[in-house]
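Below is one structure, written out as structure tokens; comments come after it.
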């Protein structure tokens, strides 16, 4: 049975292959601030652990800018060895002919063992082929979870809701206690993509886009999704839900300031929230609808993965494989998890952090991992849809119009579906 290499084992395994001149490889990413600093620290740890390879991270701005830079560089033959690609851009890089070497092939080809089962459930499938082969190496992974203002719930005399039915029942009490009951920070990821995941509903044809780009259609007029947004609009009208545009921080601020009782955010937010929240908080799973048959399955990851770009010499590919192996070691995963708030992507790293009492001290850090480890369903593994960043922009535009009273939920969903399917058809032509 595969067991992720410890740091000591990693250094021993690669000391024999070290040469006088290190092989240089580059890693382009789209992270800034503290998260960018941690990437540099991970690279420093890799370089210190062996002498055969020298890894240089390079920030390319935002996620979108990193993806655009990587694709342009590949076309001109100047691609990096490793490219960080965010969740919505996965279909673009995976379907670009000859652009990447599947991470699993790269790792096993370099002589390293690889066990898909070593990764936690909600991480395992998003960047994989339909039969489960890893194409991208999951890196900064997160889950949409519900943060809870404990003081607000105590004042209202209620408990954190597990389902949306329960939220609907306690919302009036939270409002009466002087709080805005619910805010969120990304309707696309949290209330659309992961609505389908948590409630185990098909998001798109062709196995959510995994099986083929040909004639893939998105399912935005699903009656359950229409119901969810009809509820959100009604809750907003009743003062139970606040929508403050598509900006993440604009919606988070009310929870930070202690004015909102519940905030749907990212599991990766808890580190920053510990510094900015003015009231004590805890966290719980993203609610689901108990009335939907089969609901309550795991969510899938947000964040990004690392892709090995093709067209590089064998010795550089070997170093990329070595780095991917290093990255999944329990110690490095634990370090990255604790330094950033992103989830530990392997079971071994999770168990290591747990054995050291980390979650006893910071229980919120465990919620996202536990949610990703819930039972999976047929439709909880993710999606692979082309031009998806542009589709998200259409969603954000129409969602804004819903809450501004400029369109109905039904008309907005029809518009999104029509425009999204046009984009998917165009993508099929470019990928074909």
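In mature numbering (1 follows the signal peptide of the UniProt record, and there is no 0), the protein residues as written are -21 to -1, 1 to 411. Yeah, the Cβ is synthetic: ideal placement off N, Cα and C, and Gly gets one too.
Below-8 angstroms beta-carbon distance, residue i vs any chain B residue
i: residue 124; result: Considering every chain present, this structure includes no chain B. It has just one protein chain.
Close Cβ partners of residue i (< 6 angstroms) along its chain, the five nearest in sequence each way excluded
i: residue 256; result: 235
i: residue 52; result: 58
i: residue 173; result: 123, 278
i: residue -7; result: At residue -7, the pLDDT of 46 sits below 50, so the modelled position is not reliable and the matter cannot be decided from this model.
DSSP state of residue i mapped onto helix, strand, coil
i: residue -7; result: Low confidence applies here, because residue -7 scores a pLDDT of 46, under 50, leaving its location unreliable and the question unanswered by this model.
i: residue -21; result: Unreliable placement is indicated for residue -21, whose pLDDT of 36 sits below 50; no coordinate value is reported for it.
i: residue 257; result: coil
i: residue 197; result: strand
i: residue 311; result: helix
i: residue 179; result: coil
i: residue 74; result: coil
i: residue 334; result: helix
i: residue 243; result: strand
i: residue 268; result: coil
i: residue 7; result: strand
i: residue 233; result: helix
i: residue 409; result: helix
i: residue 285; result: strand
i: residue 12; result: helix
i: residue 2; result: strand
i: residue 404; result: helix
i: residue 220; result: strand
i: residue 22; result: helix
i: residue 89; result: coil
i: residue 27; result: helix
Distance CB(residue i)-CB(residue j) smaller than 8 angstroms
i: residue 262; j: residue 249; result: yes
i: residue 312; j: residue 300; result: no
i: residue 367; j: residue 78; result: no
i: residue 189; j: residue 380; result: no
i: residue 319; j: residue 309; result: no
i: residue 322; j: residue 353; result: no
i: residue 65; j: residue 225; result: no
i: residue 166; j: residue 160; result: no
i: residue 93; j: residue 86; result: yes
Chain-order list of residues whose beta-carbon lies under 7 angstroms from that of residue i (same chain, five-residue window excluded)
i: residue 389; result: 205
i: residue 222; result: 215, 382
i: residue 36; result: 6, 8, 18, 19, 22
i: residue 183; result: 195, 196, 197, 198, 362, 364
i: residue 259; result: 129, 130
Residues of its chain near residue i, where Cβ-Cβ distance is below 8 angstroms and the 5 sequence neighbours each way are ignored
i: residue 191; result: 185
i: residue 294; result: 2
i: residue 413; result: No information on residue 413 is available, as it lies outside the stretch -21 to 411 that the chain covers here.
Okay, do the stretch 301 to 320 and the stretch 141 to 149 touch, 3+ Cβ pairs below 8 angstroms being the bar? For the pair of segments examined, the stretch 301 to 320 was found not to touch the stretch 141 to 149: the number of CB pairs separated by less than 8 angstroms stays below three.
Could you pull out every unbroken beta strand (DSSP E) segment of at least 3 residues lying fully inside the stretch 117 to 168, listed in chain order? DSSP runs (the beta strand (DSSP E)) wholly in the stretch 117 to 168: 123 to 128, 159 to 163.
Counting Cβ pairs, one atom from each stretch, are 3 or more of them under 8 angstroms apart for the stretch 117 to 131 and the stretch 263 to 279? Contact between the stretch 117 to 131 and the stretch 263 to 279 is present, because at least three Cβ pairs lie under 8 angstroms.
Take every Cβ of the stretch 218 to 235, pair it with every Cβ of the stretch 194 to 203, and state whether three or more of those distances are shorter than 8 angstroms. The stretch 218 to 235 makes no contact with the stretch 194 to 203: fewer than 3 CB pairs, one atom from each, lie closer than 8 angstroms.
Assess contact between the stretch 348 to 361 and the stretch 391 to 399, defined as three or more Cβ pairs (one per stretch) separated by less than 8 angstroms. Is contact present? Contact between the stretch 348 to 361 and the stretch 391 to 399 is absent, with fewer than three C-beta pairs closer than 8 angstroms.
List, from N- to C-terminal side, the alpha helix (DSSP H) runs of 4 residues or more that fit wholly inside the stretch 31 to 85. As far as the stretch 31 to 85 is concerned, its whole alpha helix (DSSP H) runs of at least 4 residues are 42 to 54, 69 to 73.
Can we say the stretch 97 to 113 touches the stretch 73 to 87, given the rule of at least three CB pairs closer than 8 angstroms? With a cut-off of 8 angstroms, the stretch 73 to 87 and the stretch 97 to 113 count as touching, because enough Cβ pairs lie within range.
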